[in-house]
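To keep things clear, I will list the structure first and then write my remarks on it.
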Amino acid sequence: MTASLITKKRIAKAFKKELDSKPFEKISVVDIMDRAGIRRQTFYNHFVDKYELLDWIFETELQEQVTNNLNYITGFQLLDELLFYFSNNKSFYAQLFAIKDQNDFYTYFGDYCLVLLEKIISEQETKAKMSLDANYRSFLKNYHSRALANMIRAFVTSETIKPETNLIKKTILASMKGG
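Residue 167 in the UniProt record's numbering is what sits at position 167 of the sequence shown, and the numbering runs on without skipping anything.
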């Protein structure tokens, strides 16, 4: 790991700790850097503002959970990993889903759900030796990715129970038979 990446992760960790005790709007760069024990200017060597830091956290953490695993495990295994990850980081992501400013985590997360659903649908088409109509396939991918994003958002922001992978799997598989 490069020194730059280590510094960014240290800043991100401090930011997450700040989010445990304050709402996003109340957190300043000074707060983050005081907690990190790093001088304030170092923040600006890596990020423009706290919104860019937030983007970096989204990209880095979701990439580690989704994109980096795309070629190594199945889509449904990846879904399990994603749900486990959100279970372990519920309070942090509850705050992120609540942000309605320039960096909307829900939209960003929805794009990752699209990637995951593309993988799941492709794998199931191959497994079943079938090929869905392109329009129906696009509809399923968009429909299920938004449903998944909404379910996970509800799970982390309220007392909703954790979405069950087996029910999601059954729903996706049943809908694929309709096309």
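C-beta: ideal position from N, C-alpha, C; glycine also.
Thinking K13 and V29 are a contact (beta carbons under 8 Å), I'd like their distance in whole angstroms, please.
-> Here the question's residue 13 lines up with position 13 in the sequence shown. Here the question's residue 29 lines up with position 29 in the sequence shown. In fact, because the Cβ distance is near 15 Å, the residues do not count as touching under 8 Å.
Are the segment 152-160 and the segment 80-87 touching, with three or more C-beta to C-beta distances below 8 Å?
-> With the rule of 3 Cβ pairs closer than 8 Å, the segment 152-160 counts as touching the segment 80-87.
At a cut of 8 Å, does the segment 113-120 reach the segment 30-43 through at least three beta carbon pairs?
-> no
Kindly indicate which residue of N150, A98, A36, Y93 has the alpha-carbon position closest to the one of I6.
-> Locating residue 6 in the sequence shown gives position 6, counting from the first residue. Comparing Cα positions, the closest option is A36.
Along the alpha helix (DSSP H) that carries A98, what are the first and last residues, could you check?
-> Numbered from 1 along the sequence shown, position 98 holds the residue referred to as residue 98. A98 -> alpha helix (DSSP H) spans 90-98.
Beta-carbon proximity list for A128, same chain, < 8 Å, skipping 5 on both sides | Your numbering for residue 128 matches position 128 in the sequence shown. Around A128: M176.
What's the gap between the Cα of I121 and the Cα of R137?
-> In the sequence shown, the residue the question calls residue 121 occupies position 121. In the sequence shown, the residue the question calls residue 137 occupies position 137. Near 8 Å, if we compare the C-alpha coordinates of R137 and I121.
Between Y106 and A149, which are expected to be in contact by the criterion C-beta below 8 Å, what is the C-beta distance as a whole number of angstroms?
-> Position 106 of the sequence shown, counted from the first residue, corresponds to residue 106. Position 149 of the sequence shown, counted from the first residue, corresponds to residue 149. Right, the Cβ-Cβ distance comes to about 7 Å (below 8 Å), so this counts as a contact.
Helix, strand or coil for K162, going by three-state DSSP, please let me know.
-> The residue you call residue 162 lines up with position 162 of the sequence shown. DSSP places K162 in coil when its eight states are reduced to three.
For residue 199 versus L62, is the C-beta distance shorter than 8 Å?
-> The structure shown does not extend to residue 199, since the chain is modelled only from 1 through 179, so no value can be given for it.
Per DSSP, what kind of secondary structure is A147 in: helix, strand or coil?
-> Counted from its first residue, the sequence shown places residue 147 at position 147. In the structure shown, A147 sits in a helix (DSSP, three-state: H, G or I).
L132 versus K17: straight-line alpha-carbon distance, rounded | Taking the sequence shown and counting its residues from 1, one reaches residue 132 at position 132. Taking the sequence shown and counting its residues from 1, one reaches residue 17 at position 17. Their Cα atoms are separated by approximately 46 Å.
Which residue's Cα is closest to the Cα of V48: P163, L70, K8?
-> As a first step, residue 48 must be located in the sequence shown, where it is residue number 48. Closest by alpha carbon: K8.
Return the chain-ordered ranges of every alpha helix (DSSP H) run that is complete within the segment 20-104 and spans a minimum of 4 residues.
-> 29-36, 40-46, 50-65, 75-88, 90-98
Report yes if the CB atom of L79 is closer than 8 Å to the CB atom of T165, and no otherwise.
-> Against the sequence shown, residue 79 aligns to sequence position 79. Against the sequence shown, residue 165 aligns to sequence position 165. Contact flag set, yes.
Simplified DSSP state of M130, which is helix, strand or coil = In the sequence shown, the residue the question calls residue 130 occupies position 130. Looking at M130 - three-state DSSP - the assignment turns out to be coil, as it is neither helix nor strand.
With distances taken between CB atoms, is the gap from E81 to N69 smaller than 8 Å?
-> Translated into positions along the sequence shown, residue 81 becomes position 81. Translated into positions along the sequence shown, residue 69 becomes position 69. Against a cut-off of 8 Å, the Cβ pair of N69 and E81 comes out as a contact.
Quick one: measure Cβ to Cβ for S91 and D31, integer angstroms, because I've assumed they're closer than 8 Å.
-> As a position in the sequence shown, residue 91 is number 91, starting the count at 1. As a position in the sequence shown, residue 31 is number 31, starting the count at 1. No, S91 and D31 are not in contact; Cβ-Cβ is about 18 Å, not under 8 Å.
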